[in-house]
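First comes the structure, then the notes that go with it.
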Amino acid sequence: MTIDNTQSSQSPSTIDLKDLGTVHRLGFGAMRIVGDGVWGEPADRRAAVAVVRRAVELGVDFIDTADSYGPNISEEIIAEAVHPYGDTLKIATKVGFTRTGPDTWVPVGRAEYLRQQTELSLRKLKVDALDLLQLHRIDPKVDAEEQFAVLRDLQQEGKVKALGLSQVSVDELKTAAKFFTVSTVQNRYNLTDNSSEDVLDYAAENGIGFIPWAPISAGELAQPGGALDEAAKRLGTTTAQVALAWLLRRSPVMMPIPGTGSVKHLEENLKAADVVLDDATFAELSAAR
Numbered sequence: 039m040t041i042d043n044t045q046s047s048q049s050p051s052t053i054d055l056k057d058l059g060t061v062h063r064l065g066f067g068a069m070r071i072v073g074d075g076v077w078g079e080p081a082d083r084r085a086a087v088a089v090v091r092r093a094v095e096l097g098v099d100f101i102d103t104a105d106s107y108g109p110n111i112s113e114e115i116i117a118e119a120v121h122p123y124g125d126t127l128k129i130a131t132k133v134g135f136t137r138t139g140p141d142t143w144v145p146v147g148r149a150e151y152l153r154q155q156t157e158l159s160l161r162k163l164k165v166d167a168l169d170l171l172q173l174h175r176i177d178p179k180v181d182a183e184e185q186f187a188v189l190r191d192l193q194q195e196g197k198v199k200a201l202g203l204s205q206v207s208v209d210e211l212k213t214a215a216k217f218f219t220v221s222t223v224q225n226r227y228n229l230t231d232n233s234s235e236d237v238l239d240y241a242a243e244n245g246i247g248f249i250p251w252a253p254i255s256a257g258e259l260a261q262p263g264g265a266l267d268e269a270a271k272r273l274g275t276t277t278a279q280v281a282l283a284w285l286l287r288r289s290p291v292m293m294p295i296p297g298t299g300s301v302k303h304l305e306e307n308l309k310a311a312d313v314v315l316d317d318a319t320f321a322e323l324s325a326a327r
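Residue numbering for the sequence shown follows this note's numbering, starting at 39 and increasing by one per position.
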């Protein structure tokens, strides 16, 4: 892994996504506004609605969700909270997982299922075209090119503006690019998980937005005495804010989407955009990974 320590500590706050336009790089992930196990209604639906509304009030213009969050409920809450979305707010959703219970995720990439779920997302989000549709997972039981072809067709039919993928390899990104322009890729990436380093590098080289899921996970680094904990103390911030600030500086195509069901935590997370990591701190955290 090679990390560019010469990149400016003042990273750009926005990114221009292919087929979608310009959004702020620090967005909001709407997985946690539903029930435990990403299943069912949240304990307090009004509180969940309030979180989404507050995110937009604070300037978030990119919200990431999925048909499988709830399932269905996350998309419905977003529509209840902030529809109509206006010209600047972009809602990204995902298809490709079916749910049979809490914490249970089964990939389904059959053409009829992907098409059906896209139509349902259009209805739940109350739009004529989805801003960004991402394939949540490539179903290993279905030829990947068949799944990519469905996404291409949906875009050509005007049901989707931009397309992306989730948890894929560089080779899979290259194959998908033969069918459509890849606007985003969403892989697990954080201070303690660099397994998608090559995907991030490919995204940066090709102008693809990289959405790191589990962006705040930092394990021992966030424990008392850990590198992240020490950095947060020096900067007078939270460990979550420093973890997000590190991601934002790591690459100009990085688009963290921290999720929460709490307005307080939302406000704390979004303050990460104002945290400036000096070269020494950035290098220290990078070396501690």
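All residues carry an ideal CB built from backbone N, CA and C; glycine is no exception. These figures come from a predicted structure and were not determined experimentally.
The region 164-182 contacting the region 130-138, beta-carbon criterion three pairs below 8 Å: yes
N-terminal and C-terminal residue of the alpha helix (DSSP H) that Tyr94 is part of: Walking along the sequence shown from the start, residue 94 turns up at place 56. Sequence check: residue 94 is Val here, not Tyr. The continuous alpha helix (DSSP H) containing Val94 extends over residues Arg83 to Glu95.
Sheet register partners of Gln224 (DSSP bridge): Position 186 of the sequence shown, counted from the start, is the residue given in the question as residue 224. Under DSSP, Gln224 shares a beta bridge with Ser204 and Ile249.
Spatial distance of Ala119 from Arg91 (CA atoms): Translated into the one-based positions of the sequence shown, residue 119 becomes position 81. Translated into the one-based positions of the sequence shown, residue 91 becomes position 53. Taking the straight line from one Cα to the other gives about 6 Å.
Nearest-angstrom beta carbon gap, Val206 and Val223 [assumed within contact, 8 Å]: Walking along the sequence shown from the start, residue 223 turns up at place 185. Walking along the sequence shown from the start, residue 206 turns up at place 168. Contact holds; Cβ gap of about 6 Å.
Alpha-carbon to alpha-carbon, Leu308 and Gly73: For the purposes of this step, residue 73 is identified with residue 35 of the sequence shown, where counting begins at 1. For the purposes of this step, residue 308 is identified with residue 270 of the sequence shown, where counting begins at 1. The straight-line gap separating the alpha-carbon atoms of Gly73 and Leu308 is approximately 23 Å.
Beta-carbon gap between Phe66 and Ser106 smaller than 8 Å: For the purposes of this step, residue 66 is taken as the residue at position 28 of the sequence shown. For the purposes of this step, residue 106 is taken as the residue at position 68 of the sequence shown. Not a contact, by the Cβ cut-off of 8 Å.
Whole-angstrom C-beta distance between Leu229 and Arg327, which should lie under 8 Å: Position 289 of the sequence shown holds residue 327. Position 191 of the sequence shown holds residue 229. About 6 Å separates the two Cβ atoms, so the contact holds.
Whole-angstrom distance between Gly274 and His62, CA atom to CA atom: For this step, residue 62 is matched to residue 24 along the sequence shown. For this step, residue 274 is matched to residue 236 along the sequence shown. Cα to Cα, the separation comes out at about 24 Å.
Assigned exposure category for Glu113 - 16 Cβ within 10 Å defines buried: Along the sequence shown, one-based indexing puts residue 113 at 75. Residue burial annotation: Glu113 is buried, with at least 16 other C-beta atoms found within 10 angstroms of its C-beta.
Helix, strand or coil at Asp166 according to DSSP, with G and I counted as helix: What you label residue 166 is simply residue 128 of the sequence shown in a count that begins at 1. Three-state DSSP puts Asp166 in coil, outside helix and strand.
Residue(s) in a DSSP beta bridge with Thr52: Residue 52 sits at position 14 when you count from the first residue of the sequence shown. Bridge partners of Thr52: His62.
Strand pairing of Trp284, partner residues [DSSP]: Residue numbering aside, residue 284 sits at position 246 when the sequence shown is read from its first letter. According to DSSP, Trp284 bridges with nothing at all.
Opening and closing residue of the alpha helix (DSSP H) in which Lys132 lies: Within the sequence shown, the letter at position 94 stands for residue 132. Per DSSP, Lys132 belongs to no alpha helix (DSSP H); it is in the beta strand (DSSP E), Lys128 to Val133.
Buried or exposed (CB count within 10 angstroms, at least 16 for buried), Ala81: Numbered from its first residue, the sequence shown carries residue 81 at position 43. So Ala81 counts as exposed.
Beta strand (DSSP E) segment containing Ile101, residue limits: Taking the first residue of the sequence shown as 1, we reach residue 101 at position 63. Here the beta strand (DSSP E) through Ile101 covers Phe100 to Asp102.
Beta-carbon gap between Val301 and Gln279 smaller than 8 Å: Here residue 301 corresponds to residue number 263 of the sequence shown, with the count starting at 1. Here residue 279 corresponds to residue number 241 of the sequence shown, with the count starting at 1. It is not a contact, given that the beta carbons lie outside the stated cut-off.
Given Tyr181 as reference, the closest of Thr213, Thr156, Gly299 and Ala242 once Cα atoms are compared: Reading the sequence shown from its first residue, position 143 is the one you call residue 181. What sits at residue 181 in the sequence shown is Asp, not Tyr. With distances taken between Cα atoms, Asp181 lies closest to Thr213.
For Leu229, the three-state DSSP class (helix, strand or coil): In the sequence shown, residue 229 corresponds to position 191, counting from 1. Of the three classes helix, strand and coil, the one that applies to Leu229 here is coil, per DSSP.
Ala260 burial status per 10 Å Cβ neighbour count (16 or more: buried): Sequence index remark: in the sequence shown, residue 260 carries index 222 (1-based). Flag for Ala260 reads buried.
Continuous alpha helix (DSSP H) stretch holding Ala256: start and end: Within the sequence shown, numbered from 1, the residue matching residue 256 stands at position 218. Ala256 -> no alpha helix (DSSP H), and no H or E assigned at all.
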